[in-house]
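Shown next, in structure tokens, is the structure this report addresses.
Numbering (the working numbering), first residue to last: -7 to 308.
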């Protein structure tokens, strides 16, 4: 019972922090392309490495952060690895933990490079790994999904650096209370590693990303960069969501100033490298959470399959 309770609290917090919004169907939609019958299955030249986001994990109670994605891709013949870094810390600290895992993957596979597929904050980790830690010669591609390359207004609100209004402050404080409760009472800190909530939020803020991080992490010409954004809406609800009160506030707050968003990251902030389009869902739908629940017409496992098939076709 304790394990089940802890698992549910973990998933609920992730849903609250990631703002599980409703769905709409943009013109350029991910995860809906089907392979023509008889097409030959292409495999990537380099291993695929999955990077989780803020408050993410590799696997908790047998639940993948990228829900069932590693297993699905491995069945198709791809070499896929999911990494784990401390979920609540700065990009620098997270990437210092990521680097030796990349080294190990390269040593085990004998590959010269890897393909990084990153969700949310993981995309910033990937850029830091390439540009600051000098892994541009060992990374073939970086695919980021809903990464706040332009910063997160929600992080700004949590830090109190923007006048977000009382509603947003209440929602932000509820997120912080939930995070603090989980850290103190539900998570084994020895398992999750060091925690620096303020440092993590600052690294996600618009000020840090635009004024500091962008200069620290210029693109490497040897690496192929591409990005997907997410778009969520309450206009096409098909199932009630218990997180609607918090979600609606966060979504409206971002939409007023930055337009379409997934409840945490705006579509404009998510752009980096080649713009590949829009995932028709929220920040959790993009990784198949919660537990495979997805907007109508979106298959998250097929979405990631499409990504690796495209990388293979490009010679990566």
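Beta carbons: idealized from backbone N, C-alpha and C, even for Gly.
**Span of the beta strand (DSSP E) around residue 137** = 131 to 137
**Residue range of the unbroken beta strand (DSSP E) whose run includes residue 107** = 106 to 111
**Request:** Would you tell me roughly how many angstroms separate the C-alpha atoms of residue 67 and residue 202, rounded to the nearest one?
**Result:** 40 angstroms
**Message:** Can you tell me where the beta strand (DSSP E) holding residue 33 begins and where it ends?
**Reply:** Looking at the DSSP string, residue 33 is not in any beta strand (DSSP E), and its letter there is neither H nor E.
**Message:** For residue 40 and residue 300, I'd like the C-alpha separation in whole angstroms.
**Reply:** 8 angstroms
**Prompt:** For residue 221, which of helix, strand or coil comes out of DSSP?
**Reply:** strand
**Message:** Given the structure, does residue 256 come close to the ligand ZN, in the sense that its CB is under 6 angstroms from one of the ligand's heavy atoms?
**Reply:** Within the structure as shown, the ligand ZN is missing, as the structure has no ligands at all.
**Reduced DSSP category for residue 212 - H, G, I as helix; E, B as strand; rest coil** = coil
**Asked** Of all the options 217, 280 and 129, which has the alpha carbon lying nearest to the alpha carbon of residue 262?
**Response** The shortest Cα separation from residue 262 among 217, 280 and 129 belongs to 217.
**Prompt:** In the DSSP assignment, what are the bridge partners of residue 253?
**Reply:** 258
**Burial state of residue 104 (16 or more Cβ within 10 Å)** = exposed
**Request:** Give the range of the beta strand (DSSP E) segment to which residue 83 is assigned.
**Result:** Here residue 83 belongs to no beta strand (DSSP E); instead the alpha helix (DSSP H) covers 83 to 101.
**Item:** Nearest-angstrom Cα separation, counted from residue 35 out to residue 306
**Value:** In a straight line, the C-alpha of residue 306 is about 11 angstroms away from that of residue 35.
**Message:** Given this structure, state the Cα-to-Cα distance separating residue 244 from residue 253, to the nearest angstrom.
**Reply:** 9 angstroms
**Item:** Residues bridged to residue 267 (per DSSP)
**Value:** 219
**Request:** Run the CB neighbour count on residue 204, radius 10 Å, all protein chains shown included, and call it buried at 16 or more, exposed below.
**Result:** exposed
**Message:** Classify residue 62: buried if its beta carbon has 16 or more other beta carbons within 10 angstroms, exposed otherwise.
**Reply:** Answer is buried; the Cβ neighbour count reaches 16.
**Message:** Using a 10 Å radius around the Cβ and a threshold of 16 neighbouring Cβ atoms, would you call residue 221 buried or exposed?
**Reply:** buried
**Request:** Can you tell me which of 241, 271 and 145 puts its alpha carbon nearest to the alpha carbon of residue 250?
**Result:** Nearest C-alpha to residue 250: 145.
**Asked** Measuring CB to CB, does residue 215 end up less than 7 angstroms from residue 151?
**Response** no
**DSSP state of residue 300 mapped onto helix, strand, coil** = helix
**Message:** For a test of the three-state rule: what should DSSP assign to residue 41, helix, strand or coil?
**Reply:** strand
**Message:** With H, G and I counted as helix, E and B as strand and the rest as coil, what does DSSP make of residue 308?
**Reply:** coil
**Asked** Which residue's Cα is closest to the Cα of residue 159: 106, 241 and 76?
**Response** 241
**Asked** Thinking C-alpha only, which one of 281, 107, 210 and 91 is nearest residue 78?
**Response** 91
**Prompt:** Which residues in the same chain as residue 189 place their Cβ atom closer than 6 angstroms to its Cβ, once the five residues preceding and following it in sequence are excluded?
**Reply:** 80
**Request:** Could you round the C-beta distance between residue 139 and residue 264 to whole angstroms and report it? I think they count as a contact, below 8 angstroms.
**Result:** Taking 8 angstroms as the upper bound for CB-CB distance, residue 139 and residue 264 are in contact here, some 7 angstroms apart.
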